[in-house]
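S.K.: For reference, each letter of the sequence shown is one residue, going 698 to 836 in this note's numbering. Even glycine gets a Cβ: it sits at the ideal position worked out from N, Cα and C. Owing to the predicted nature of the structure, the values given are computational and were not obtained by experimental measurement.
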Amino acid sequence: MDTQVLAADNGWNPIIVLGPVLFFLLLIVFVWLLPAIVAALIAENKGRNGIGWFFATVFFLGPLGVGFALIAPHGAMDPFVLPTPAPAAKRKPTHGRQRFTCPRCGAENDIPDTDTSYDCWQCDEHRKVKPKTTEATKS
Ligand SMILES: [Zn+2]
Numbered sequence: 698m699d700t701q702v703l704a705a706d707n708g709w710n711p712i713i714v715l716g717p718v719l720f721f722l723l724l725i726v727f728v729w730l731l732p733a734i735v736a737a738l739i740a741e742n743k744g745r746n747g748i749g750w751f752f753a754t755v756f757f758l759g760p761l762g763v764g765f766a767l768i769a770p771h772g773a774m775d776p777f778v779l780p781t782p783a784p785a786a787k788r789k790p791t792h793g794r795q796r797f798t799c800p801r802c803g804a805e806n807d808i809p810d811t812d813t814s815y816d817c818w819q820c821d822e823h824r825k826v827k828p829k830t831t832e833a834t835k836s
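Here it is, written out as structure tokens:
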């Protein structure tokens, strides 16, 4: 009369047998697939490769994939997609200025036409340059 009704009716209890299996399946789903989906959605929202992020998260990153997708900058550093070289925004120097490309670091410096030297904004390299206009001399 005191027998456990839940467990002892049948010799084979699906809950006890399948429980751990289901548990591990759910664990895999929640720990690996869910973050992968979330990471993919985040990546997609950032205009990036969602599929790539999904697989990268499933196979390599796991739960960390969400974090990586969150901190990843917009549209760069995709795991499976090499960043396409951004078209160099070639804007013209402002009027009255001329552009010098620093030979040391390659940074572009826009300096006034009349200046005879500049300090590179990026590497502080001091360069002497020839003023473009000779008549516009400072008094
Ligand atoms: Zn420089």
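What residue from V755, C820, T811, T798 has the CA that sits closest to K827's CA?
M.R.: T811
S.K.: Using a 10 Å radius around the Cβ and a threshold of 16 neighbouring Cβ atoms, would you call P711 buried or exposed?
M.R.: exposed
S.K.: Considering only residues of the same chain and omitting the five flanking positions on each side of K825, which have a CB-CB separation below 6 Å?
M.R.: So the list reads S814, once near-sequence residues are dropped.
S.K.: Apply the 10 Å Cβ neighbour rule to P800 and answer buried if 16 or more other Cβ atoms are within range, or exposed otherwise.
M.R.: exposed
S.K.: Got a sec, what are the start and stop residues for the alpha helix (DSSP H) P717 sits in?
M.R.: 711-725
S.K.: Beta carbon of D807: closer than 8 Å to some heavy atom of ligand 1?
M.R.: no
S.K.: Measuring alpha carbon to alpha carbon, tell me which residue in H792, G747, L738, T754 is nearest I725.
M.R.: T754
S.K.: Would you please state the rounded distance, in angstroms, between the beta carbons of F765 and L758? I believe it to be under 8 Å.
M.R.: F765 to L758, Cβ: 6 Å. Contact.
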